[in-house]
Structure formats: C-alpha cells, structure tokens
Amino acid sequence: MPSPRFATVLVLLLGLAACGFAPKGPTRVQISAETLPWVDMSTYRTWAWWRGALESRPDAGTDEALLDWRVRQDVAQNLAARGYRESVYGERPDFIMVYDVSRDVASTSSFRDYLTYRADGGSEDMGEAFMGYQEGQLVLRAIDAASKRVAWRGRATAILEGRVQPDLIDRAVADLLAKFPARPGS
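The numbering used here puts the first residue of the sequence shown at 9, with every later residue one more than the last.
Right under this line is the structure:
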C-alpha cells in the first residue's frame, strides 16, 4: 500500500497536470510509411509532380502558396539526396509525387491521452485539450507512372498550435523520405 506521502505527491501532480502544468515536450512528428509489395523501386530514376505549383494559380492564398513551395523544395531536396532526379520538361518520369496537407481537430478523452498530448508538444491545459486541438497531417505518395498505382506512401502527423512552423514541415518531409527507398548506388 502506498504511503500517505506518495499519495499526496501523486494527487498534487495530477492536479498540476489537469491545470496545464504537465511538462510540454518538443513537438513530435509521428511517421508511418510503406512501400507497396508489388513494386520494384530499384528501377526508378526520375520523378515529377502530379500538379503544378500553387504559386501559379490565381486563387491560391499566400499562406497556401508558401506551404506548397516549402513542401516542394523539401521533397525535391530529400529525393535528390536519395539519388532521384526530377524529370525535365517532356521527359516521362518513373514516378509521380503527390502530397496532401490537412488540419484536423483531435481531442483527449483521458488523463493518459492528455499526458501523451503534452509529451507530443501540446501546450493546452487539460480542459482545452479535451475540447479539441489542431493536428496537422502531411501525406506523400509516389505513384508509378506506367501503371498509375501507388508505389509508396507515407504520413506524418504532429500537433499544431498557431501557424504551421517551417521547421516542422522540414522535419516531417525529411523523416518521411528517410523511409523512402534510396536508389541503388546513391
């Protein structure tokens, strides 16, 4: 049986955590990625984007265009480091890159969820986290150009508070593409 002193300290810690005093960790990026079993990515050399950049569209907002630019720059840099070359105009690429960015509302439903939320970088108190917080998701897909089937896919999820931070995008793309198969010999 725990001592009365231990019980008092535990109650105090739970009370502080409920008031938002649980330690906030650095923002963690959760990664999941897979190469589909039907594909042999060792034959891939070149890639291209599925769509053109948002900056060329008149209906794109500034924040959207900046986010699009950052994701595209990070993907191009990380794929180049893994031995892939972006195809030039008129050249048929081996695979097509597609990305999606979304913001969803998540919430905590237990004290354990709240502690996980704080450890993952959340800063809201327990009541606010229970009511909902923003979670961002970046999904990258490599589509085989010949078959039009998904060859590889990855997802990065992180808690977002306020505006999206550029370093969080850089880290999410780098962590995702670290799971992308490197070209043989690179």
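All C-beta atoms in this analysis are idealised placements derived from N, C-alpha and C, irrespective of residue type, glycine included.
Exercise. Does the beta carbon of Thr51 come closer than 8 angstroms to any beta carbon on chain B?
Worked result: No chain B appears in this structure, which consists of one protein chain only.
Exercise. Rounded to the nearest angstrom, how far is the Cβ of Thr35 from that of Asp128, given a contact under 8 angstroms?
Worked result: Here Thr35 really is in contact with Asp128; their C-beta atoms are around 7 angstroms apart, less than 8 angstroms.
Problem set entry | Segment contact, 8 angstroms Cβ cut-off, at least three pairs: the segment 142-155 with the segment 102-115 | Flag = yes, the segment 142-155 and the segment 102-115 touch.
For this session: Alpha carbon to alpha carbon, how far is Arg100 from Gln38? Give it in angstroms, no decimals.
Result: Between the alpha carbons of Gln38 and Arg100 lies a gap of roughly 33 angstroms.
Problem set entry | Supposed contact pair Trp57 and Arg80 - C-beta distance, whole angstroms, cut 8 angstroms | Sure, about 7 angstroms apart at Cβ, within 8 angstroms.
Exercise. DSSP puts Glu143 in a beta bridge; with which residues?
Worked result: Per DSSP, Asp112 and Ile167.
Exercise. What's the call for Leu21, buried or exposed, on a 16-neighbour Cβ count within 10 Å?
Worked result: Low confidence applies here, because Leu21 scores a pLDDT of 48, under 50, leaving its location unreliable; read the following figure in that light. By the beta-carbon neighbour count (other beta carbons within 10 angstroms, threshold 16), Leu21 is exposed.
Problem set entry | Whole-angstrom distance between Trp46 and Thr165, CA atom to CA atom | In a straight line, the C-alpha of Thr165 is about 26 angstroms away from that of Trp46.
Exercise. The alpha helix (DSSP H) spanning Ala41 covers which residue range?
Worked result: From DSSP, Ala41 is part of no alpha helix (DSSP H) but of the beta strand (DSSP E) over Gln38 to Thr43.
Exercise. Using the beta-carbon count (16 or more within 10 Å), is Met49 buried or exposed?
Worked result: Flag for Met49 reads buried.
For this session: Classify Val158 as helix, strand or coil using the three-state DSSP reduction.
Result: Strand.
For this session: Could you tell me how far apart the beta carbons of Arg90 and Arg191 are, in whole angstroms, since I believe they sit closer than 8 angstroms?
Result: Right, their Cβ atoms sit about 6 angstroms apart.
For this session: Have a look at Val106, Tyr122, Ala150 and Ala153 and flag the residue whose alpha-carbon is nearest the alpha-carbon of Met5.
Result: Only positions 9 to 194 of the chain appear in the structure, and residue 5 is not among them; the question remains open.
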